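J.:
Residue numbers (this note's numbering), protein chains in the order written: chain A, 393 to 661; chain W, 62 to 276.
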């Protein structure tokens, strides 16, 4: 009888309760310990295995609505790539990405790094599959300029692109969930980043820390927090991990209570 | 960190929009939630349009104009043909553009799809069993291999499995349900992350405006 009453709780009270539970750790961090998973450790190890000057292509599909889930990953990864002095190519594969990349790079704070010399940002790339196939074979068949309108062959403004013509000149690809598929056939080592739902269901068949093609991955804000802990670049990911963990525990309790109330209804019948 | 009027206004708009969207949870059909939805939809549409116009201008029209990529005329023409759908009786012309883009899209899809989504998972399912080093990895790889076969059998509709063979279907269904469960759990965690991001924006306004701190 008492169990069946649980199901009659006003859903707005549950929302209010969830909001309070989320707000508390954002205001007063609790410090729930973070365990770093092996996929995150392998992701960092793979990037760190490249010497300075290696060319890394990053597929940046940062769309604004998903940003809370992936921004910590983007920021920590770019900090790591810049610290390694790698040559970074940034592929903007979502319509929001041309704006979001500026926000992310401002948080990265790549002091001393010059666009065109240390990193190149391509203009927005429309279409996925067909565009990636063209891009892999000949970069200049798809893009003739960088995002600022400078020719990729301009040795003064974009000197980094001088010897980068196609996928043979790229040493590592930081791919999104689906774009791992587009690049798998090239034989380039991959590490993957993205949202939890957009990445994790796709990487399983490709992930092997020893043989590849995906050598490590970081998906979703929880693993973003792990990445921050492992690299030492602490930011929003670890700051919000307490709220995430507490929220998920509360959600599990609510699911159990919901199921108990259903049992109560069955008994009543 | 001193706040400018511009920063304060931006933070207020951010906080207000989040509050408007959350008002949907209290009462589904209310003016604040509808207003916020319309603002987001209209701004997104304009942004999408402008980004794509800019892209067409920089990457397609400029190379045609300066003679570096005259061949770009073909996709431009194909794109223009799509709009013949707007004229009654001339819509059939657009079918050439549809066919071309669909054909090229499917061709490029299969280039990567067969190599990556078909051969790699099959290869991985088989070689993982032999390549596993620890007993736990071996058991895990074997379970994945058997599960893959059983899950594939679930979609076999030409032969009805009866008797003891039907347990293959049951096992396959369990595997499929487990993976769907994991996908759903990931979706919940993802929604939780977005909610926390919105909460953080909401709190940021009060922290910065009333307490003058970001931490």
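All residues carry an ideal CB built from backbone N, CA and C; glycine is no exception.
All values reported here derive from a predicted model rather than from experimental measurement.
Verify the CB distance criterion: does residue 542 of chain A have a CB-CB separation below 7 Å to chain W?
T.: One-based indexing of the first chain puts residue 542 of chain A at position 150. Cβ-Cβ to chain W under 7 Å: no for residue 542 of chain A.
J.: Using alpha carbons as the reference points, say which of A/462, A/488, A/506 lies closest to residue 481 of chain A.
T.: Numbered from 1 along the first chain, position 89 holds the residue referred to as residue 481 of chain A. Closest by alpha carbon: A/506.
J.: Which residues in chain W have a C-beta closer than 7 Å to the C-beta of residue 414 of chain A? List them in chain order.
T.: Numbered from 1 along the first chain, position 22 holds the residue referred to as residue 414 of chain A. Within chain W, the residues near residue 414 of chain A are 256, 257, 260.
J.: Under 8 Å Cβ-Cβ, which residues of chain A neighbour residue 130 of chain W?
T.: To locate residue 130 of chain W, count along the second chain from 1; it is residue 69. Residues of chain A passing the Cβ test: 536.
J.: Please state the DSSP three-state secondary structure of residue 529 of chain A.
T.: Here residue 529 of chain A is taken as the residue at index 137 of the first chain, counted from 1. If DSSP states are grouped into helix, strand and coil, residue 529 of chain A belongs with the helices.
J.: Quick one: complete beta strand (DSSP E) runs, 3+ long, within the segment 539–608 of chain A?
T.: Fully enclosed beta strand (DSSP E) runs of 3 or longer: 564–567, 582–586.
J.: Measuring straight from C-alpha to C-alpha, what distance separates residue 275 of chain W and residue 268 of chain W?
T.: By 1-based counting over the second chain, the position of residue 275 of chain W is 214. By 1-based counting over the second chain, the position of residue 268 of chain W is 207. Because the pLDDT of residue 275 of chain W is 49, which lies under 50, any placement of that residue in the model is unreliable, and the number read from its coordinates should be weighed accordingly. If you take the alpha carbons of residue 275 of chain W and residue 268 of chain W, they lie about 6 Å apart.
J.: Would you mind telling me which residues of chain W sit closer than 7 Å to residue 588 of chain A, beta carbon to beta carbon, in chain order?
T.: Start at 1 with the first residue of the first chain, and residue 588 of chain A comes out as number 196. Correct list: 247, 250, 251.
J.: Cα-Cα, which of W/265, W/242, W/202 is closest to residue 597 of chain A?
T.: Sequence index remark: in the first chain, residue 597 of chain A carries index 205 (1-based). When only C-alpha atoms are compared, the closest one is W/202.
J.: Distance, Cα to Cα, residue 122 of chain W vs residue 147 of chain W?
T.: To locate residue 122 of chain W, count along the second chain from 1; it is residue 61. To locate residue 147 of chain W, count along the second chain from 1; it is residue 86. Cα-Cα distance, rounded: 24 Å.
J.: Between the Cα of residue 504 of chain A and those of A/526, A/487, A/475, spot the shortest distance and give me the residue it belongs to.
T.: On the first chain, residue 504 of chain A is found 112 positions in, with the first residue counted as 1. Of the listed residues, the one whose Cα sits closest to residue 504 of chain A is A/475.
J.: Quick check on residue 453 of chain A: does DSSP put it in helix, strand or coil?
T.: The sequence position of residue 453 of chain A within the first chain is 61, counting from 1. In this structure, residue 453 of chain A counts as coil in the three-state DSSP scheme.
J.: Count the other CB atoms, across all protein chains shown, that sit within 10 Å of the CB of residue 65 of chain W; report buried if there are 16 or more and exposed otherwise.
T.: As a working note, residue 65 of chain W is residue 4 in the second chain. Exposed, because fewer than 16 other Cβ atoms sit within 10 Å of the Cβ of residue 65 of chain W.
J.: So residue 406 of chain A is in the alpha helix (DSSP H); what residue range does that whole segment cover?
T.: For the purposes of this step, residue 406 of chain A is identified with residue 14 of the first chain, where counting begins at 1. Its alpha helix (DSSP H) spans residues 403–419.
J.: Identify the contact partners of residue 169 of chain W in chain A, using a Cβ-Cβ distance below 7 Å as the criterion.
T.: One-based indexing of the second chain puts residue 169 of chain W at position 108. Here the neighbours are 521, 522, 525.
J.: Considering only DSSP beta bridges, list what residue 214 of chain W is partnered with.
T.: Mapped onto the second chain, residue 214 of chain W falls at position 153. None, per the DSSP bridge assignment.
J.: Using 8 Å for Cβ pairs, my map puts residue 257 of chain W next to residue 639 of chain A. What's the rounded Cβ distance?
T.: Residue 257 of chain W sits at position 196 when you count from the first residue of the second chain. Residue 639 of chain A sits at position 247 when you count from the first residue of the first chain. About 7 Å; that satisfies the 8 Å criterion.
J.: Can you tell me whether DSSP reads residue 478 of chain A as helix, strand or coil?
T.: Counted from its first residue, the first chain places residue 478 of chain A at position 86. Three-state result, residue 478 of chain A: coil.
J.: Please report the distance separating the alpha-carbon of residue 533 of chain A from that of residue 527 of chain A.
T.: Your numbering for residue 533 of chain A matches position 141 in the first chain. Your numbering for residue 527 of chain A matches position 135 in the first chain. Cα to Cα, the separation comes out at about 7 Å.
J.: Return the chain-ordered list of same chain residues with a C-beta closer than 6 Å to the C-beta of residue 543 of chain A, the five sequence neighbours on each side being excluded.
T.: Here residue 543 of chain A refers to the residue found at position 151 when the first chain is read from its first residue. Cβ neighbours of residue 543 of chain A beyond the five flanking positions: 537.
J.: Along chain A, in chain order, which residues have C-beta atoms closer than 9 Å to that of residue 182 of chain W?
T.: By one-based count along the second chain, residue 182 of chain W stands at place 121. What residue 182 of chain W touches in chain A: 596, 597, 598.
J.: For the alpha helix (DSSP H) containing residue 159 of chain W, list its first residue and its last residue.
T.: Taking the second chain and counting its residues from 1, the one referred to as residue 159 of chain W is at position 98. 155–174 is the span of the alpha helix (DSSP H), which, as asked, contains residue 159 of chain W.
J.: Let's see if you can read the secondary structure: which residues bound the beta strand (DSSP E) around residue 74 of chain W?
T.: Here residue 74 of chain W refers to the residue found at position 13 when the second chain is read from its first residue. Segment 66–87 is the alpha helix (DSSP H) holding residue 74 of chain W; no beta strand (DSSP E) there.
J.: Start and end of the alpha helix (DSSP H) containing residue 442 of chain A?
T.: Your numbering for residue 442 of chain A matches position 50 in the first chain. Counting along the chain, residue 442 of chain A falls outside any alpha helix (DSSP H), and DSSP gives it neither H nor E.
J.: For the candidate residues A/496, A/412, A/556, whose alpha-carbon lies nearest to that of residue 643 of chain A?
T.: Translated into the one-based positions of the first chain, residue 643 of chain A becomes position 251. For the residues A/496, A/412, A/556, the minimum Cα distance to residue 643 of chain A belongs to A/412.
J.: Of the residues that make up the segment 114–125 of chain W, which ones have a beta carbon closer than 7 Å to any beta carbon in chain A?
T.: Of all residues in the segment 114–125 of chain W, 116, 119, 120, 124 have a Cβ within less than 7 Å of some Cβ in chain A.
J.: Can you find a CB in chain A that lies within less than 7 Å of the CB of residue 79 of chain W?
T.: Residue 79 of chain W sits at position 18 when you count from the first residue of the second chain. Not one chain A Cβ lies under 7 Å of residue 79 of chain W.
J.: Nearest CA to the CA of residue 207 of chain W: which residue from W/237, W/194, W/224, W/223?
T.: Taking the first residue of the second chain as 1, we reach residue 207 of chain W at position 146. Considering only alpha carbons, the answer is W/237.
J.: Are the segment 460–480 of chain A and the segment 434–447 of chain A touching by the rule of at least three beta carbon pairs closer than 8 Å?
T.: Because the criterion of three Cβ pairs below 8 Å is met, the segment 460–480 of chain A and the segment 434–447 of chain A touch.
J.: Starting from the N-terminal side, write out each stretch of the alpha helix (DSSP H) that is 4 residues or longer and does not extend beyond the segment 486–511 of chain A.
T.: Listed in chain order, they are 489–500.
J.: So residue 459 of chain A contacts chain B; which residues on that side make the cut at Cβ distance below 8 Å?
T.: No chain B is part of this structure, whose protein chains are labelled A and W.
J.: Can you round the beta-carbon distance between residue 574 of chain A and residue 173 of chain W to whole angstroms, since I take them to be within the 8 Å contact cut?
T.: Locating residue 574 of chain A in the first chain gives position 182, counting from the first residue. Locating residue 173 of chain W in the second chain gives position 112, counting from the first residue. Rounded, the Cβ-Cβ distance is 5 Å, consistent with contact.
J.: Can you check DSSP and say which residues form a bridge with residue 611 of chain A?
T.: Here the question's residue 611 of chain A lines up with position 219 in the first chain. DSSP output for residue 611 of chain A lists A/586 as bridge partner(s).
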